[in-house]
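Visitor: The letter at position 218 of the sequence shown is residue 212 when you use the numbering used here, and the numbering goes up by one with no holes.
By construction, the Cβ of each residue, glycine as well, lies at the ideal position given by its N, Cα and C atoms.
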Amino acid sequence: MMDNMAQHRNTLWKHEHNLGHHQYTNTETDPDATSGAPFVRLSPLAPHEWYHKYQHLYIWVMYSVIMIRWYFVDYYHYFTGDFNGTKLYPASKVENVLFWLGKLTYITYTFLLPAYLYGVGWGVIYYLTFAVAASYSFAFQFTVNHLTPDVHWPTNAPDQEKDWAKMQILTSSNYAVDSSLAAFFSGGLNFQIEHHLFPTFCHVHYKSRIAPIVQQTCKEFDVPYNAIPSYWEAISGHYYQLRALGNPKTIS
């Protein structure tokens, strides 16, 4: 319900995130890895275009409209029943009600109510402020977990590692694991490796109970455990990754 009220249809989130991203992290079929294509190149598996060499500069503008794009793209998926080439099963009566109730609730508290109380001009300003802030908040949370230089990008090569748990570790990166503030504001997503291995576990257990076991197991089986010391270093790593993907011949 909260997902629908945040203007993104819950069913689409399940397809995009739970099924697409969590099961096929950083592969060619991961929706997150192809997000923004062809304007940005977020994966080394994606085709390279000449304008990608500037993506580390213009992508910050694209990040600012994520929520606005979601609101309207949702309608396309809803009416066509198509999600990135995958046919969605027909929405149930409950899903239909939640979809329209969510859209109405979202546009009411982000635009209609402010416009009614303070005028259309202030309504537009409030909506854009909310949408841009929410967009950056979302972008800067999810990009640092999988779009940094230290993560792995699985291919379809015959010798590619097939172990699911190992691939979840290699394709994810933690950050600021010693920061209670980072854990609080990210809802535990700074422990991204643990989140991918145990997505149904409450995040309050990641640091004290789950992470030590995962780290010890990685050490035992010689599996890299990616952990960036701070959030700002993670953001910096994402910026470098954008430059490297946009300029593959000059930046290694």
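Report the residue from 22, 55 and 83 whose alpha carbon sits nearest the alpha carbon of residue 8.
Guide: To locate residue 8, count along the sequence shown from 1; it is residue 14. Nearest option by C-alpha distance: 83.
Visitor: For residue 242, which residues in the same chain have their Cβ closer than 7 Å to its Cβ, ignoring the five residues on either side in sequence?
Guide: In the sequence shown, the residue the question calls residue 242 occupies position 248. Excluding sequence neighbours, residue 242 sits near 42.
Visitor: Enumerate in chain order the residues of its own chain whose CB-to-CB distance from residue 23 is below 8 Å, with the five nearest sequence positions on each side excluded.
Guide: Counting from one through the sequence shown, the residue named residue 23 turns up at place 29. Around residue 23: 14.
Visitor: Taking only the alpha-carbon atoms, compute the straight-line gap between residue 248 and residue 123 and give it to the nearest angstrom.
Guide: Beyond the ends of the chain as shown, which are -5 and 246, falls residue 248; an answer cannot be given.
Visitor: Taking only runs that begin and end inside the region 0 to 29, name each unbroken alpha helix (DSSP H) of 4 or more residues, in chain order.
Guide: For the region 0 to 29, whole alpha helix (DSSP H) runs of length 4 or above, ordered along the chain, are 4 to 7.
Visitor: Can you give me the C-alpha to C-alpha distance between residue 63 and residue 154, rounded to a whole angstrom?
Guide: The count along the sequence shown starts at 1 and reaches residue 63 at position 69. The count along the sequence shown starts at 1 and reaches residue 154 at position 160. Approximately 35 Å, taken between the alpha carbons.
Visitor: Helix, strand or coil for residue 33 per DSSP?
Guide: In the sequence shown, counting from the first residue as 1, residue 33 sits at position 39. Reduced to three states, the DSSP call for residue 33 is coil.
Visitor: Taking the straight line between their C-alpha atoms, what separation do you get for residue 117 and residue 126?
Guide: In the sequence shown, the residue the question calls residue 117 occupies position 123. In the sequence shown, the residue the question calls residue 126 occupies position 132. Near 14 Å, if we compare the C-alpha coordinates of residue 126 and residue 117.
Visitor: With contact counted as at least three CB pairs below 8 Å, one residue from each stretch, are the region 30 to 42 and the region 67 to 76 in contact?
Guide: No contact exists between the region 30 to 42 and the region 67 to 76.
Visitor: Short check: CB of residue 190 to CB of residue 167, under 7 Å?
Guide: Position 196 of the sequence shown, counted from the first residue, corresponds to residue 190. Position 173 of the sequence shown, counted from the first residue, corresponds to residue 167. No; because the gap between Cβ atoms is not below 7 Å, this pair is not in contact.
Visitor: Which residue's Cα is closest to the Cα of residue 225: 136, 107 and 54?
Guide: Start at 1 with the first residue of the sequence shown, and residue 225 comes out as number 231. It is 136.
Visitor: What is the DSSP secondary structure of residue 68, counted as helix, strand or coil?
Guide: Position 74 of the sequence shown, counted from the first residue, corresponds to residue 68. Three-state DSSP puts residue 68 in a helix.
Visitor: Considering only their Cβ atoms, is the gap separating residue 50 from residue 169 smaller than 7 Å?
Guide: As a first step, residue 169 is located in the sequence shown; it is residue number 175 there, counting from the start. As a first step, residue 50 is located in the sequence shown; it is residue number 56 there, counting from the start. No, Cβ-Cβ distance for residue 169 and residue 50 is not below 7 Å.
Visitor: DSSP three-state call for residue -4: helix, strand or coil?
Guide: To locate residue -4, count along the sequence shown from 1; it is residue 2. Caution applies to residue -4, whose pLDDT of 44 falls short of 50 and renders its modelled position unreliable; the value that the coordinates give is listed next. Helix.
Visitor: Considering Cα atoms alone, identify which of 150, 5, 132 and 229 is closest to residue 141.
Guide: On the sequence shown, position 147 is the one that residue 141 refers to. Nearest option by C-alpha distance: 229.
Visitor: Could you check the C-alpha separation between residue 21 and residue 147 for me, to the nearest Å?
Guide: Along the sequence shown, read from residue 1 onward, the residue named residue 21 stands at position 27. Along the sequence shown, read from residue 1 onward, the residue named residue 147 stands at position 153. Spanning the two alpha carbons is a distance of roughly 6 Å.
Visitor: If contacts are defined as beta-carbon pairs under 8 Å, then residue 204 and residue 195 qualify, I think. What distance do you get, rounded to the angstrom?
Guide: Position 210 of the sequence shown, counting from 1, holds the residue named residue 204. Position 201 of the sequence shown, counting from 1, holds the residue named residue 195. Rounded, the Cβ-Cβ distance is 7 Å, consistent with contact.
Visitor: Going by DSSP, what residue range makes up the alpha helix (DSSP H) through residue 187?
Guide: As a position in the sequence shown, residue 187 is number 193, starting the count at 1. Here the alpha helix (DSSP H) through residue 187 covers 186 to 191.
Visitor: Rank 223, 150, 188 and 128 by C-alpha distance to the C-alpha of residue 163 and give the top, closest one.
Guide: Here residue 163 is taken as the residue at index 169 of the sequence shown, counted from 1. Closest by alpha carbon: 188.
Visitor: Hey, how far is the Cα of residue 47 from the Cα of residue 179?
Guide: Numbered from 1 along the sequence shown, position 53 holds the residue referred to as residue 47. Numbered from 1 along the sequence shown, position 185 holds the residue referred to as residue 179. Their backbone Cα atoms lie some 32 Å apart in a straight line.
Visitor: Can you list, in chain order, the residues of its chain whose CB lies under 7 Å from that of residue 246, leaving out five sequence neighbours each side?
Guide: On the sequence shown, position 252 is the one that residue 246 refers to. At residue 246, the pLDDT of 49 sits below 50, so the modelled position is not reliable and the matter cannot be decided from this model.
Visitor: Give a yes or no on whether the C-beta atoms belonging to residue 209 and residue 139 are separated by under 7 Å.
Guide: Within the sequence shown, numbered from 1, the residue matching residue 209 stands at position 215. Within the sequence shown, numbered from 1, the residue matching residue 139 stands at position 145. The answer is no: Cβ separation not under 7 Å.
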